[in-house]
Amino acid sequence: MSLFTNVARPALFRLGGGDAEHAHEWTLNRLAQLPAPALAAMRRWYSFANPVEVFGVRFPNRVGLAAGVDKNGVALPAWPALGFGFVEVGTVTAKPQPGNDKPRLFRAKSSEGIVNRMGFNNAGAAALADRLAALGPLDVPLGVSLGKSKVTPLEDAVEDYLTSYRLLHPYADYIAVNVSSPNTPGLRTLQDKDAIGALLKALDGPVPVLVKIAPDLTEPAIAELIEVCLAHGAAGIIATNTTLSRNGLAPEDQHLASEAGGLSGAPLTARAREVVRFVHTESGGRLPIIGVGGIMSADDASRMLDAGAALVQLYSGFIYKGPDLVLEVARGARPSRAAVTR
Numbered sequence: 001m002s003l004f005t006n007v008a009r010p011a012l013f014r015l016g017g018g019d020a021e022h023a024h025e026w027t028l029n030r031l032a033q034l035p036a037p038a039l040a041a042m043r044r045w046y047s048f049a050n051p052v053e054v055f056g057v058r059f060p061n062r063v064g065l066a067a068g069v070d071k072n073g074v075a076l077p078a079w080p081a082l083g084f085g086f087v088e089v090g091t092v093t094a095k096p097q098p099g100n101d102k103p104r105l106f107r108a109k110s111s112e113g114i115v116n117r118m119g120f121n122n123a124g125a126a127a128l129a130d131r132l133a134a135l136g137p138l139d140v141p142l143g144v145s146l147g148k149s150k151v152t153p154l155e156d157a158v159e160d161y162l163t164s165y166r167l168l169h170p171y172a173d174y175i176a177v178n179v180s181s182p183n184t185p186g187l188r189t190l191q192d193k194d195a196i197g198a199l200l201k202a203l204d205g206p207v208p209v210l211v212k213i214a215p216d217l218t219e220p221a222i223a224e225l226i227e228v229c230l231a232h233g234a235a236g237i238i239a240t241n242t243t244l245s246r247n248g249l250a251p252e253d254q255h256l257a258s259e260a261g262g263l264s265g266a267p268l269t270a271r272a273r274e275v276v277r278f279v280h281t282e283s284g285g286r287l288p289i290i291g292v293g294g295i296m297s298a299d300d301a302s303r304m305l306d307a308g309a310a311l312v313q314l315y316s317g318f319i320y321k322g323p324d325l326v327l328e329v330a331r332g333a334r335p336s337r338a339a340v341t342r
């Protein structure tokens, strides 16, 4: 057990009377306020170099921060200092929105999982663009996850994404198209063949565009989506988003099974890896994959890479295991022979 799991995590989990979102925002604010000497010290302790090039972007290591942790990019300098080889901000929408009603974030502690129905709460694409312009380039690649504004009708989704893309692509090393969150009504229908084709056609530009998919898709649906991605020049796939399934919840966490929202963390580990393996096999290795979902150890990351991922991302694992996990994964994740890195 580490200092984080013995001391820091119990204290964080008590903040706000145990409210998970309160602890999340408190942590982000503290990370945002770290002075340069503290960031430099963290970098000396946590950084680990294992460079790799994927979809034309050079990453200092294979471990990234998943979208959803720092939606508005408020603590961007802290993430490279904690050892992450890349950072994905968002999901951000063209229009600012408060997200769904609170409470909307729940810890499934015994299962090492998280249930969330945040609903793309963010300050909007223009605000993020302003922040990124003021900050300047990061030391690691930056991905920007784009979603649809809740008030925008599905028939206007392409223009909504395009608005965000135009504002943010100058600051991004890659763009992630989030059409797989379960928390915006109708969003997952944009994974359908015609919808995702129209979206990828509109977002054709100088920045690599990746599509983030749901773990709940059937294999025929994933195969069809892969076909569209290849036809329209998508740079890769992010697999996977959170799941609507409640398989894997421990008995102590069954009270969360009825909560609306997506489940992440350890209950998603096996399914996310299955999807990565299927995407890699079905695409013939032509689509680089960022593997995300239930990576709670270096071994989980290595298995994800062996399944065909070129990069991995942490979300719930970081919440439960802290920054030591970033270093463990960066050091211990075996490079995959199968993964496409071109």
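In terms of the UniProt record's numbering, the sequence shown opens at residue 1 and continues consecutively.
In this text, a Cβ means the ideal position worked out from N, Cα and C, and glycines have one as well.
Rounded Cβ spacing between Leu268 and Ser111 (contact assumed at less than 8 Å): Not really, about 10 Å apart at Cβ, beyond 8 Å.
DSSP-derived helix/strand/coil call for Arg342: The pLDDT assigned to Arg342 is 39, lower than 50, so where the model puts this residue is not dependable, and the model offers no usable value.
Closest by C-alpha distance to Asp306, when choosing among Ala126, Arg166 and Arg277: Arg277
DSSP beta-bridge partners of Ala108: Gly113
Residue from Ala221, Leu311, Ala214 and Asp173 with nearest C-alpha to Lys193: Ala221
Alpha helix (DSSP H) segments (min. 4 residues) lying fully within the segment 43-106: 78-81
Cβ neighbours of Ala126 in the same chain (closer than 7 Å, five flanking residues each side left out): Leu167
For Pro323 and Arg43, the rounded distance between their alpha carbons: 11 Å
CB of Gly332 within 8 Å of CB of Ser302, strictly: Cβ distance < 8 Å, so Gly332 and Ser302 count as in contact.
Helix, strand or coil at Tyr315 according to DSSP, with G and I counted as helix: In the structure shown, Tyr315 falls within a coil segment according to DSSP collapsed to helix, strand and coil.
Paired residues, beta bridge with Ile196 - DSSP: Ile196 is not bridged to any residue.
Length of the line joining the Cα atoms of Leu128 and Glu159: Between Leu128 and Glu159, the C-alpha separation is close to 18 Å.
Nearest residue (CA-CA) to Ile226, options His280, Pro251, Leu244 and Lys201: His280
As assigned by DSSP and simplified to three states, the class of Ile175: strand
Per-residue DSSP class, three states only, for Leu28: If DSSP states are grouped into helix, strand and coil, Leu28 belongs with the helices.
Same chain, Cβ closer than 6 Å to Ala235, five either side skipped, listed in chain order: Phe55, Pro208, Val209 and Leu210
Cβ-Cβ separation, Leu244 to Gly233 (assumed contact under 8 Å), whole Å: Gly233 to Leu244, Cβ: 30 Å. No contact.
Neighbourhood of Lys150 by C-beta, 6 Å cutoff - its chain only, sequence neighbours within 5 removed: Gln97 and Thr184
Nearest residue (CA-CA) to His169, options Asp216, Asp204 and Ala49: Asp204
Distance CB(Val144)-CB(Tyr161) smaller than 8 Å: No, these two residues do not count as a Cβ contact at 8 Å.
Beta-carbon spacing of Lys148, Leu187 below 8 Å: yes
Sufficient close CB pairs (3 or more, under 8 Å) joining the segment 47-67 to the segment 7-27: Verdict: no, contact absent.
For Asp216 and Gly17, the rounded distance between their alpha carbons: 33 Å
For Tyr174 and Ala133, believed in contact at Cβ under 8 Å, the rounded distance: Not confirmed; about 18 Å, so no contact.
Closest Cα partner of Asp70 within the set Val92, Gly308, Val329 and Cys229: Val92
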